[in-house]
Amino acid sequence: MSNSVLNQGLAPQFVAAETLRTLVPVLAPLNKIVTTDFSAYVGEKGQVVHTRYADSFSASTYSSSTGFVPASAVSNDVAVTLADHKYVATAFTDTEVATISLDMLRRVFIAPMANATVKSLFDAILAQTTAAAYPGTPFYSGTKANFNRQSVAQGATNMTKANLPFADRSLLLSPDAFGQLLQDPSVAQYLSIGDTSVIRDGKVGRLHGVDIYEYNGFTAGPAGEHLNGIASCREGHVIVTRVPAAPTTGGGEQITVQDPDSGFAFALRSWYDWTKGLSNISASWITGNSVGNPNAALRVVISDL
Numbered sequence: 089m090s091n092s093v094l095n096q097g098l099a100p101q102f103v104a105a106e107t108l109r110t111l112v113p114v115l116a117p118l119n120k121i122v123t124t125d126f127s128a129y130v131g132e133k134g135q136v137v138h139t140r141y142a143d144s145f146s147a148s149t150y151s152s153s154t155g156f157v158p159a160s161a162v163s164n165d166v167a168v169t170l171a172d173h174k175y176v177a178t179a180f181t182d183t184e185v186a187t188i189s190l191d192m193l194r195r196v197f198i199a200p201m202a203n204a205t206v207k208s209l210f211d212a213i214l215a216q217t218t219a220a221a222y223p224g225t226p227f228y229s230g231t232k233a234n235f236n237r238q239s240v241a242q243g244a245t246n247m248t249k250a251n252l253p254f255a256d257r258s259l260l261l262s263p264d265a266f267g268q269l270l271q272d273p274s275v276a277q278y279l280s281i282g283d284t285s286v287i288r289d290g291k292v293g294r295l296h297g298v299d300i301y302e303y304n305g306f307t308a309g310p311a312g313e314h315l316n317g318i319a320s321c322r323e324g325h326v327i328v329t330r331v332p333a334a335p336t337t338g339g340g341e342q343i344t345v346q347d348p349d350s351g352f353a354f355a356l357r358s359w360y361d362w363t364k365g366l367s368n369i370s371a372s373w374i375t376g377n378s379v380g381n382p383n384a385a386l387r388v389v390i391s392d393l
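For the sequence shown, this note's numbering begins at 89 and goes up steadily by one.
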């Protein structure tokens with residue numbers, strides 16, 4: 089096989105296709121918990137993106153003497169600064185480029201690069217989920233042994249008391265919390281839940297109106313606060329990403345890779361460094377995150393984890 093064919097493993101068009109295959113499954117839980125403003129638009133570090141959420145209203149009693157008295161329409165501005173230019177990069181020697189295959193590139197390099205890309209988005213959200221930023225009643229607070237289906241039922245009640253809508257309720261859990269829930273007999277028994285996927289596939293699915301997902305990365309949560317889950321309807325957190333502008337000089341190539349399901353996009357660059365003799369590829373994006381509605385995300389706190 090000629091080197092020209094082997095070298096196609098580093099062509100951005102081929103790398104992009106393989107990257108999407110690894111991004112699609114891992115981004116899904118983030119979109120269930122967080123309001124995302126992912127875009128293929130070009131942005132720059134320091135740019136500010138605004139969104140808003142409205143205060144709650146209360147019903148009034150009509151009186152013919154006063155008529156219909158409108159309440160002030162109060163909304164809260166959420167300003168998200170694109171504070172960080174993130175990237176994941178790797179380089180290959182001339183020998184590696186001449187002998188590597190596309191399948192090897194995908195399995196050995198692209199998958200971990202994609203995971204690092206997505207992990208950085210999760211890390212930013214988890215780090216800001218502090219008790220001070222989200223002071224409301226937790227979805228759950230207690231020990232690992234007591235986290236079960238009844239805890240989810242009480243957590244759903246807490247979401248209702250926090251005036252969160254019934255639609256699109258989701259719960260992101262650490263592996264320890266998720267695994268504890270899997271062991272609850274009332275969750276695992278087919279006659280209780282009507283689904284064999286708990287035992288067969290390790291999937292809880294939906295309990296008490298809440299879709300449940302697992303994520304292995306809660307070590308990025310606030311230090312000492314024992315965060316092991318977030319329950320939300322996507323209104324408690326906001327994360328914004330943009331694509332950096334393409335270089336106009338210096339050689340190489342940049343294309344934009346966008347996940348069709350989540351909309352997340354990043355710049356995929358490929359270039360050769362003649363001085364070092366290395367073929368480089370990098371994924372690059374600009375991102376910022378902020379607290380949205382502080383009452384719209386409920387924390388799962390497990391004190392002995």
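Heads up, the beta-carbon is just placed ideally off N, CA and C, and yes, glycines get one too. Every value quoted in this text rests on a predicted model; they were computed, and no experiment measured them.
Let me make sure I understand the geometry here. Which of L393, P382 and D392 has the alpha-carbon closest to that of A219? P382
Let me check one thing: in DSSP terms, what residues is Q346 bridge-paired to? A353
Please list, in chain order, all residues of the same chain as L279 whose beta carbon is under 8 Å from its beta carbon, the five residues on each side excluded. In this predicted model, L279 has a pLDDT of only 41, less than 50, meaning its place in the structure is not dependable; the value taken from the coordinates is given anyway. So no residue of the chain qualifies.
Using a 10 Å radius around the Cβ and a threshold of 16 neighbouring Cβ atoms, would you call Q271 buried or exposed? exposed
Between A371 and Y175, which are expected to be in contact by the criterion C-beta below 8 Å, what is the C-beta distance as a whole number of angstroms? 6 Å
For E106, which of V168, H173, V196 and V137 has the nearest alpha-carbon? V196
Smallest Cα separation from I343: which of F254, A334, V168 and E302? A334
Note down the Cα distance separating A171 from A212, rounded to an integer number of angstroms. 11 Å
What are the start and end residues of each continuous beta strand (DSSP E) run of 3 or more residues lying completely inside the region 308 to 344, in chain order? 315 to 320 and 325 to 331
Please classify G243: does DSSP put it in a helix, a strand, or coil? helix
Closest by C-alpha distance to T350, when choosing among P100, L115, A104 and R322: Inspection of the sequence shows that residue 350 is occupied by Ser rather than by Thr. For S350, the nearest C-alpha among the options comes from L115.
Do you know how far the Cα of L393 is from the Cα of Q268? 12 Å
Measure the CB-CB distance between H325 and N377 and report whether it falls below 8 Å. yes
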